[in-house]
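The sequence shown begins at 4 in the numbering used here and counts up by one. Cβ coordinates follow ideal geometry from the N, Cα and C atoms, glycine included. All remarks here apply to the structure that follows.
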Amino acid sequence: MKRWIPTLFLKKISSALLRDPWTIKKKLVGSDVNNLSKLILPTELVEKHVLPFFNAEEQHAVLKGERGLELKMKDLDQGTCHSLTCKKLDSSGSYRQGLNWISEFVKRRKLQKGDVIGMFWDNYNTRDNKYDTQGFCFSVLERYAPNSDAMLKQ
């Protein structure tokens, strides 16, 4: 007996498997890797791909709170988990990832200006779970190669 799988089901599965998971990508700039201890994320990407997963209290902490909201960031390349804070900046409207950004990511991963990082929000667990993994997932997608342009011209 032959079994068939509905076409719509196959389209949904293939779309999910082929979709780029990195909903937030950023080429790091000087202020992301210097001693200001913050990563600035674009407003539209955070508001589209992260804030909808927060409850009202968490959104208030990010948007209006003095200290922001403490979040986890999982480094998928290294299998480690770190704490960062997320806060909307009044001056620019962008979102700042701070607290341990320099020590836990820039120095540990040797990030530099020009590197491309990717992030997405993993919402599969809750913050109440003691084995909580809800938070940002992080990866270094591309390392800056300062001589790559010169090599291409040769």
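- Of the residues assessed, G96 falls on the exposed side of the cut-off, its CB having fewer than 16 other CB atoms within 10 angstroms.
- Inter-residue distance for E73 and S34 is about 21 angstroms (C-alpha atoms, whole angstroms).
- In this structure, the alpha-carbon of K51 lies about 22 angstroms from that of L79.
- Rounded to the nearest whole angstrom, the C-alpha separation of N37 and E107 is 13 angstroms.
- Rounded to whole angstroms, the separation of the alpha carbons of P24 and V119 is 15 angstroms.
- DSSP places T46 inside the alpha helix (DSSP H), whose first and last residues are T46 to H52.
- Within the model, the alpha-carbon separation for V143 versus G121 is close to 6 angstroms.
- DSSP lists I43 and K90 as the bridge partner or partners of R99.
- From the listed residues R22, W104 and L39, the smallest Cα separation to C84 is found for W104.
- Its chain contains S40, E73, S86, L87 and T88 as the residues whose beta carbon lies nearer than 8 angstroms to that of L102, once the 5 sequence neighbours on both sides are disregarded; these appear in chain order.
- Minimum Cα-Cα distance from A64 among the listed residues F123, V109 and L92 corresponds to L92.
- Put simply, the backbone Cα of Y98 is about 19 angstroms away from that of Q137.
- Residue burial is scored here from C-beta neighbours: K90 has at least 16 other C-beta atoms within 10 angstroms and is therefore classed as buried.
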